[in-house]
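Novice:
Numbering (our numbering), first residue to last: 23 to 413.
(1) Could you tell me the alpha carbon to alpha carbon distance between residue 87 and residue 122, rounded to whole angstroms?
(2) Per DSSP, what kind of secondary structure is residue 71 in: helix, strand or coil?
(3) Can you tell me the Cβ-Cβ gap for residue 208 and residue 358, rounded? I've got them flagged as a contact below 8 Å.
(4) Throw me the rounded Cβ distance for the residue 217 and residue 370 pair, which I believe falls under 8 Å.
(5) Hey, is residue 383 close to the ligand ADP, as in C-beta under 7 Å from one of its heavy atoms?
(6) Should residue 321 and residue 338 be called a contact, given that it needs their Cβ atoms to be closer than 8 Å?
(7) Out of 73, 65 and 61, state which residue places its alpha-carbon closest to the alpha-carbon of residue 54.
(8) State yes or no: is the C-beta of residue 261 within less than 8 Å of the C-beta of residue 409?
(9) Work out the CA separation of residue 317 and residue 280 for me, nearest whole Å.
(10) Could you tell me the boundaries of the alpha helix (DSSP H) in which residue 197 lies?
(11) For residue 343, is the classification buried or exposed, using 16 other Cβ atoms within 10 angstroms of its Cβ as the cut-off for buried?
(12) Between the alpha carbons of residue 414 and residue 223, how many angstroms are there, rounded?
(13) Cα separation between residue 142 and residue 119?
(14) Rounding to the nearest angstrom, what Cα-Cα distance links residue 193 and residue 173 in this structure?
(15) Could you name each continuous beta strand (DSSP E) segment of 3 residues or more that falls completely within the region 352-395, going from the start of the chain to the end?
(16) Decide if residue 138 is buried, meaning its Cβ has at least 16 other Cβ atoms within 10 Å, or exposed.
(17) Could you pull the start and end residues of the beta strand (DSSP E) that residue 230 belongs to?
(18) Would you tell me roughly how many angstroms separate the C-alpha atoms of residue 373 and residue 367, rounded to the nearest one?
(19) Among 351, 203 and 406, which residue has its Cα nearest to the Cα of residue 386?
(20) Who are the near neighbours of residue 360 in its chain, counting only those whose CB is closer than 6 Å to its CB and skipping five residues on each side?
(21) Unbroken alpha helix (DSSP H) runs of length 4 or more, entirely within the region 146-173: which are they?
(22) With burial defined as no fewer than 16 other Cβ atoms inside 10 Å of the residue's Cβ, what is the status of residue 150: buried or exposed?
(23) Tell me, to the nearest whole angstrom, how far the beta carbon of residue 166 is from that of residue 201; I am working on the premise that it is less than 8 Å.
(24) With distances taken from CA atoms, which of 246, 353, 333 and 93 is nearest residue 306?
(25) Are the CB atoms of residue 132 and residue 177 nearer to each other than 8 Å?
(26) Going by DSSP in three states, residue 277 sits in which element: helix, strand or coil?
(27) Which same chain residues end up closer than 7 Å to residue 219 when comparing Cβ atoms and leaving out the 5 residues on each side of it in sequence?
(28) Indicate whether residue 329 and residue 147 have their beta-carbon atoms separated by less than 8 Å.
(29) Apart from the five residues on each side of it in sequence, which residues of its chain come closer than 6 Å, Cβ to Cβ, to residue 363?
(30) For residue 82, does the count of other Cβ atoms within 10 angstroms reach 16, so buried, or fall short, so exposed?
(31) What are the start and end residues of the alpha helix (DSSP H) that includes residue 56?
(32) Let me know the secondary structure DSSP gives residue 212 once reduced to three states.
(33) Alpha carbons only, please: which of 92, 159 and 180 is nearest the one belonging to residue 85?
(34) Going by DSSP, what residue range makes up the beta strand (DSSP E) through residue 304?
(35) Looking at the unbroken beta strand (DSSP E) that takes in residue 315, where does it start and where does it end?
(36) Buried or exposed for residue 110, please, with buried defined as at least 16 other CB atoms from any protein chain shown within 10 angstroms of its CB.
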């Protein structure tokens with residue numbers, strides 16, 4: 023039949039061949055999965071999953087995935103399921119590690135991913151004590167245990183081990199590679215940090231929001247912000263956590279946190295009014311100080327039981343006290359290959375962080391490193407606004 027169609031087409035070039043509809047084989051399995059439970063020690067266990075090519079028994083090159091910050095499950099689910107009111111349908115958040123594990127295993131890799139300690143599916147804190155007491159050292163130890171679990175799988179080629187890490191995970195991955203330089207041959211750093219956590223938080227919570235306010239909301243460039251316009255701007259509201267009132271709490275606008283009352287709070291802001299009685303505040307003199315105090319609060323969380331999905335006091339302190347990636351990357355052996363991947367619209371760890379790491383590796387004369395940046399992609403490597411990654 024196929025030959026006949028070709029001959030007809032050749033004989034009568036003016037007659038188009040019949041349309042043949044081809045369907046993707048959605049029911050055809052291309053990978054297989056093995057669910058595991060990893061013992062992290064001290065009675066702490068976490069769920070994990072190994073994905074493999076469906077054909078053959080290996081040995082396959084092995085890849086360990088290391089999660090970013092926050093209460094992350096093994097798929098690194100970025101957000102929650104929500105309803106799009108415009109189209110009336112459920113919208114699911116990106117799951118970068120789910121996608122990466124399938125992509126790599128379909129192409130011949132054995133991939134191991136695991137839930138962060140104390141965390142279950144969809145950002146569920148299943149053990150608040152474990153989560154609240156977690157430090158950077160715990161995460162490094164967990165990654166080391168997971169690396170050995172990967173190596174122990176019979177389908178894995180122990181001479182071809184790579185570590186792929188995202189965001190906070192890049193901090194863990196570099197230390198893991200240094201401690202296991204004889205095992206880890208390649209490192210992939212996605213959405214990486216170069217500088218300190220405090221500088222990243224300041225960028226996220228102060229500089230980026232001020233830049234948006236000045237470039238987008240301050241239309242007449244008079245240095246003032248309309249609170250009405252800010253409260254109605256969905257991008258601004260998303261960037262500040264859902265409501266502008268979060269910024270202008272009593273403690274954020276008062277110049278003296280030790281002696282604060284409602285009267286002082288009202289006096290801390292010096293609003294201006296237009297003919298429509300609309301309230302304006304100074305971007306530099308009022309918004310900036312309030313944002314700075316908000317960032318400081320994040321970096322100095324209160325002690326006690328913690329169920330914050332972002333992270334707890336011990337975790338924050340351990341990262342603040344640790345050596346930055348820009349310095350630690352000097353200790354990576356020269357026989358370890360390094361791939362830097364970065365979204366150019368990353369609003370969590372900006373693209374400049376990757377530039378600094380690339381420049382450092384060049385200065386060190388590291389023989390095998392490359393940086394690839396992706397236009398219009400954000401921190402989760404999905405399409406993103408330059409202002410906020412969930413848009």
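Cβ atoms here follow ideal geometry from the backbone N, Cα and C, with glycine treated the same way.
Specialist: The answer reads as follows:
(1) 9 Å
(2) strand
(3) 7 Å
(4) About 13 Å separates the two Cβ atoms, so there is no contact after all.
(5) Within the structure as shown, the ligand ADP is missing, as the structure has no ligands at all.
(6) yes
(7) 73
(8) yes
(9) Interpretation of residue 280 is limited by its pLDDT of 37, a score under 50 that renders its predicted location unreliable; the figure taken from the coordinates is listed afterwards. Cα to Cα, the separation comes out at about 18 Å.
(10) 190-201
(11) exposed
(12) An answer regarding residue 414 cannot be provided, because it is not within the stretch 23 to 413 covered by the chain.
(13) 15 Å
(14) 21 Å
(15) 359-365
(16) buried
(17) That residue, residue 230, is in no beta strand (DSSP E); its alpha helix (DSSP H) goes 230-234.
(18) 7 Å
(19) 351
(20) 209 and 391
(21) 150-154
(22) exposed
(23) 7 Å
(24) 246
(25) yes
(26) Confidence is the limiting factor: at residue 277 the pLDDT is only 46, short of 50, which leaves the residue's position unreliable, though a coordinate-based value still follows. Coil.
(27) 341 and 342
(28) yes
(29) 212 and 394
(30) buried
(31) Unbroken run through residue 56 is the beta strand (DSSP E), 53-63; no alpha helix (DSSP H).
(32) strand
(33) 180
(34) 301-304
(35) From DSSP, residue 315 is part of no beta strand (DSSP E) but of the alpha helix (DSSP H) over 310-321.
(36) exposed
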